[in-house]
Amino acid sequence: MSDPMDFARHRLLLMYKGDISALVMFAQQSNGSVCFPEALPALSSPLEPEEFAEVKVNILPSVLVNQINQLLQLDNDLLRVEAGFSEQIDTPGGIITVHMARFTLLDPPHQLMQSRDCRMRTLPELRGRPPAEMELLRRAYTTMMEG
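Just so we're aligned, residue 0 is where the sequence shown starts under numbering that gives the first Met the number 0, counting upward by one.
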C-alpha cells in the first residue's frame with residue numbers, strides 16, 4: 000500500500016474526449032478545482048519541461064486512478080491513464096506532479112459526475128481558474144489534440 004503522503008505530491012485531471020466530435024471536457028469539483036483529489040495549493044505555478052525536477056516516481060498514475068475511483072465510487076474501467084501527460088507544478092510545499100486520466104465512455108459523464116458533486120466543463124467554461132490550473136488545462140488540451 001502506498002504511503003498517503005505520496006498522494007499529496009500528485010494530482011489527477013479527469014477528462015473526456017469524444018472520439019467522433021472531438022469535444023474535450025474536464026471534470027470540475029464543487030470547490031471549482033479541476034485537480035483531484037484536491038486543488039493545487041495557492042501560489043502554485045507550472046514548470047516548463049526544461050525546468051522539470053528529477054522526481055523519483057513514488058506512485059504510479061494507475062494507483063492514483065484507483066484512489067480516485069474509490070473516492071468518487073466509480074467503476075474501475077471508467078478511467079484510463081493518459082500515459083503521454085505528466086506535468087510538474089511548483090508549490091510552496093514542493094513539486095506536485097499532475098497526471099491525466101480519460102473517461103472511456105462514448106458520451107460525456109454529466110449525470111455520473113453531477114451525482115458526485117462535480118461537473119463536466121469545456122475549456123471556455125473553466126476560464127477564471129487560477130493561472131496554474133489554466134496552464135495545466137491548456138497543456139492537457141494540446142496533448143489530447145495532438146494524440
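Using N, Cα and C, we set each Cβ at its ideal position, and we do this for glycine too.
This one's a predicted model, so the numbers in the text were calculated from it and none came from an experiment.
In or out: Ala148 buried (at least 16 other Cβ within 10 Å) or exposed?
Nothing can be reported for residue 148, as the shown portion of the chain is limited to 0 through 146.
Buried or exposed for Leu104, going by 16 or more other Cβ atoms inside 10 Å?
exposed
Rounded to whole angstroms, how far is the Cβ of Val33 from the Cβ of Leu125, which I believe are closer than 8 Å?
7 Å
Please report the distance separating the alpha-carbon of Met99 from that of Pro91.
22 Å
Thinking just about the alpha-carbon of each residue, which of Phe84, Ala21, Gly93 is nearest to the one in Thr142?
Phe84
Closest to Asp89 by CA distance: which of Val23, Leu22, Leu39 is it?
Leu39
Cutting at 8 Å between CB atoms, please list the residues of its own chain near Ile94, excluding the five before and the five after it.
Arg8, Leu46, Ala52, Val54, Gln87, Ile88
Terminal residues of the continuous alpha helix (DSSP H) containing Arg137?
130 to 145
Residue span of the alpha helix (DSSP H) that contains Gln113, given as start and end
109 to 113
Strictly by DSSP, which residues pair up with Glu47?
Its beta-bridge partners do not exist; DSSP assigns none.
Quick check: the Cα distance between Leu135 and Leu71, rounded to an integer number of angstroms?
22 Å
Considering only DSSP beta bridges, list what Gly93 is partnered with.
Thr90
Taking Ala26 as the reference, give the member of Gly17, Asp18, Leu12 with the closest Cα.
Leu12
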